[in-house]
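Written out below as structure tokens is the structure these notes cover.
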Amino acid sequence: MWRLSNVNVGIRVRDAARDPVYDVLERFPRLWCAYIRVRTPHYRLVTPKTDIVIDGFQGSAQTFALHAFLAVNPDTQVASHMHNPAHLVVAVRMGLPTLLIVRDPIDAVASWTVRQEGTDPQVELRRWEWFHRRVLAHLGGMVVTPFEQVTRSFGDVITELNARYDRSFAPFPHSDQHAVDTLLKDMRTYSVQSHGEERGDLIAPTPSIARDEGLAEVRQRLLNPDLAALRADVQSLYHRVVAHVDPGTHEERQSSSRQARPSGSPS
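Heads up: the sequence shown begins at 656 in our numbering, then just goes up one per residue.
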């Protein structure tokens, strides 16, 4: 039976990137996966037994999506949280149900940087650009969904995956506020137990005073005039990626973006 404490949520990309072999193998997705499988066998890496792949850049609600999916599909094998384009490319080539969650680059980088001590927002913004340029040519083989859709109506995302890949995954009941509150509470409890109260408040995908202050500080750094050209590049790339969102989903995203975030939604 699925338990939150049993979910390992990912590879520390910055640690792995110190290995020069890792950098070279990223150009060869299958070799990269084979290397990571040997190096860190306990991570949620795609295999022939995988039922679905849920991934994207850090800070884009993959943790919420993974936990919500497993809450209603506890017996499925989910590959997630590699945060590397090679992982998604291999999933697409294997013909597996593949979900890419994409978030506005400033918001994604701010969310990730707040959680990761010692991280440079400018470096992470360039990483956001690198990640999405690598997957751009493969977007036709996956379901692309915006952060807003995942955090407001993830059940619809699962329904889209079912239609696209002829599957019968159970949709998450996002309209059930109790189900959402329970999931977010469990996620925060797990974060606090794993990282302590102070760090747990920053890592948990729920609003807090410390988290909001940290996000505001990082966003201010990213709005530095010296980064104007980089911001323009990543925003242009972001629009190219979301152009692959299903038209119905894109309309929902536009509608959702004009609404206030429901109480307790992931941030």
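All C-beta atoms in this analysis are idealised placements derived from N, C-alpha and C, irrespective of residue type, glycine included.
Exercise. Going straight from the alpha carbon of W687 to that of V745, what length do you get?
Worked result: 9 Å
Check your understanding: Bridge partners of V757, per DSSP?
Key -> Answer is P801, bridged to V757.
- Query: Can you tell me whether F802 is buried or exposed, with buried defined as 16 or more other CB within 10 angstroms of its CB?
  - Reply: buried
| query | Is it true that the CB of E784 sits closer than 9 Å to the CB of P740? | reply | Judged by beta-carbon spacing, E784 lies beyond the 9 Å limit of P740, meaning their Cβ atoms are not closer than that value.
Can you give me the Cβ contacts of P776 inside the same chain, cut-off strictly under 6 Å, excluding the 5 residues immediately before and after it?
So the qualifying residues of the chain are V764, T768, V873, R876, L877.
Next on the checklist: According to DSSP, is D710 part of a helix, a strand, or is it coil?
Outcome noted: In the three-state scheme derived from DSSP, where H, G and I count as helix and E and B as strand, D710 is classed as strand.
**Report entry** Boundaries of the alpha helix (DSSP H) in which S715 is found, first to last residue
**Finding:** Note, S715: premise wrong, no alpha helix (DSSP H); not H, not E.
Can you tell me whether I864 is buried or exposed, with buried defined as 16 or more other CB within 10 angstroms of its CB?
exposed
For S735, count the other beta carbons within 10 Å of its own beta carbon; 16 or more makes it buried, fewer makes it exposed. Which is it? So S735 ends up on the buried side.
Between R819, F786, F724, which has its C-alpha nearest L751's C-alpha?
Considering only alpha carbons, the answer is R819.
Alpha helix (DSSP H) segment containing A825, residue limits
No alpha helix (DSSP H) contains A825, which DSSP labels as neither H nor E.
Going by the DSSP bridge assignment, what does S891 pair with across the sheet? Answer is none; S891 lacks a bridge partner.
Q. Just how far apart, CA to CA, sit D762 and L754?
A. Taking the straight line joining both Cα atoms gives about 19 Å.
Within the continuous alpha helix (DSSP H) that includes V701, where are the two ends? Segment: none, V701 is in no alpha helix (DSSP H) and carries neither H nor E.
_Using a Cβ distance threshold of 8 Å, determine whether the segment 777-796 contacts the segment 838-846, with at least three qualifying pairs required._
no
Enumerated in chain order, which unbroken segments of the alpha helix (DSSP H) with a length of 4 residues or greater are wholly contained in the segment 742-794? Complete alpha helix (DSSP H) runs here, min 4: 760-770, 776-790.
>> Is it buried or exposed, P826, if we count other Cβ atoms within 10 angstroms and call 16 or more buried?
In response: buried
Give the range of the alpha helix (DSSP H) segment to which V693 is assigned.
684-694
Where does A734 fall in DSSP's three states?
Here A734 carries a strand assignment [DSSP, helix/strand/coil].
### Query
Once you ignore the five residues that flank L817 on each side, which residues in its own chain have a CB closer than 7 Å to its CB?
It should be pointed out that residue 817 corresponds to Asn in this sequence rather than to Leu. The residues are S823, F824.
request  = Please go through the same chain and pick out, in chain order, the residues whose beta-carbon is closer than 6 Å to the beta-carbon of F712, but skip the five residues on each side of it.
outcome  = A763, W783, F786
To the nearest angstrom, how far is the alpha carbon of D710 from that of L885? 24 Å
Option in P729, T718, V812, V900 with minimal Cα separation from M737: T718
- [ ] Kindly say whether N728, judged by its beta-carbon, lies nearer than 9 Å to any beta-carbon of chain D.
- [x] No chain D is part of this structure, which consists of one protein chain only.
For this session: Would you kindly work out how many angstroms separate the C-alpha atoms of E640 and V778, rounded to a whole number?
Result: One cannot answer for residue 640 here, as it falls past the ends of the chain, which runs 656 to 922.
Exercise for the section: Use the C-beta contact count for F683: other C-beta atoms within 10 angstroms, 16 or more gives buried, fewer gives exposed. Expected result: By the 10 Å Cβ count, F683 comes out exposed.
Exposed or buried, D811, counting other C-beta atoms within 10 Å across all chains shown (16 or more means buried)? buried
Q.
Between which two residues does the alpha helix (DSSP H) holding E868 run?
A. 864-877
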